[in-house]
Every structure is written in C-alpha cells, then in structure tokens.
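Structure first, commentary second.
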Amino acid sequence: MPIVLVVEDETLIRNLVSEELSDAGFEVLQVGNASQAIAVLEARQDIHLLFTDIDMPGSMDGLKLAAAVRDRWPPVHIIITTGKARPMTIPANALFIPKPYLTRALVSAMRTFDNMC
1 MPIVLVVEDE TLIRNLVSEE LSDAGFEVLQ VGNASQAIAV LEARQDIHLL FTDIDMPGSM
61 DGLKLAAAVR DRWPPVHIII TTGKARPMTI PANALFIPKP YLTRALVSAM RTFDNMC
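Be aware that the sequence shown starts at 1, since it is given in the UniProt record's numbering, and climbs by one per residue.
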C-alpha cells in the first residue's frame, strides 16, 4: 500500500484529505508543518509521496519543504497545493494541484506516479 505524507497546517483540511486518501487505498501519515514532515521522513524510509500545502507557519513553507525533499529523498514523489497563484517554480518532477481540488483528481494524480498502485 502506498504511503502518503500529508503536510497541511489547517487541521480540518488535513483530516479530511487524509480520510479521503485512506478511503482510496493509501496509507496516510499527517503532520501540520514542514519541521514535523522532515522528522517523519528522517525516521521512516517507506514514504512514497509527499502532499504539501505551500502556505504554512514556521521557518519552512511547502515550497522549501518540497525542494528539501527533492534534494534529500529523491525517490519521494511530490504534489504541491495552494489556494493562491501557482508558484513560478516547483521542484523537478513535482506536480501542482490548485485548491480547491476534487479528491478524485488528487487520487488520480497520485496514481500517475510509478509504483504507486
């Protein structure tokens, strides 16, 4: 079962998307900021995909997190989201999905990555 790390500071959104991804067959880990995400990635070697919001509190936003993940954990697939304008640059091979998004579109995007399902 593919393991997805959901990084979203809005608790309601994080819980909702995590539940919907679980219902779609993904194992989901969820955290509220980039520092927590880095800690999970350092502790576990089985994360397949990072799904992160851009706008988060703390010293690292979702774009910086995505760049760090691309550099330190190249096999991890990345999907970035925000309700604001699409960022000018995103890490290589990452996908961008604007908010609001349909869960089926998110699940479909996740399943496009090799070895996910």
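Virtual Cβ for every residue (Gly too), placed ideally from N, Cα, C.
Item                                                                                                                                   : Value
Taking the beta carbon of Asp53 as the centre, do at least 16 other beta carbons fall within 10 Å, making it buried, or is it exposed? : buried
Please state whether DSSP places Val76 in a helix, a strand or coil.                                                                   : coil
Can you tell me which of the three DSSP states Glu27 falls into?                                                                       : strand
Which first and last residues belong to the beta strand (DSSP E) in which Leu5 is found?                                               : Ile3 to Val7
Would you tell me roughly how many angstroms separate the C-alpha atoms of Thr81 and Phe51, rounded to the nearest one?                : 8 Å
Rounded to whole angstroms, what's the CA-CA distance from Thr89 to Gln30? Just pull it up for me.                                     : 25 Å
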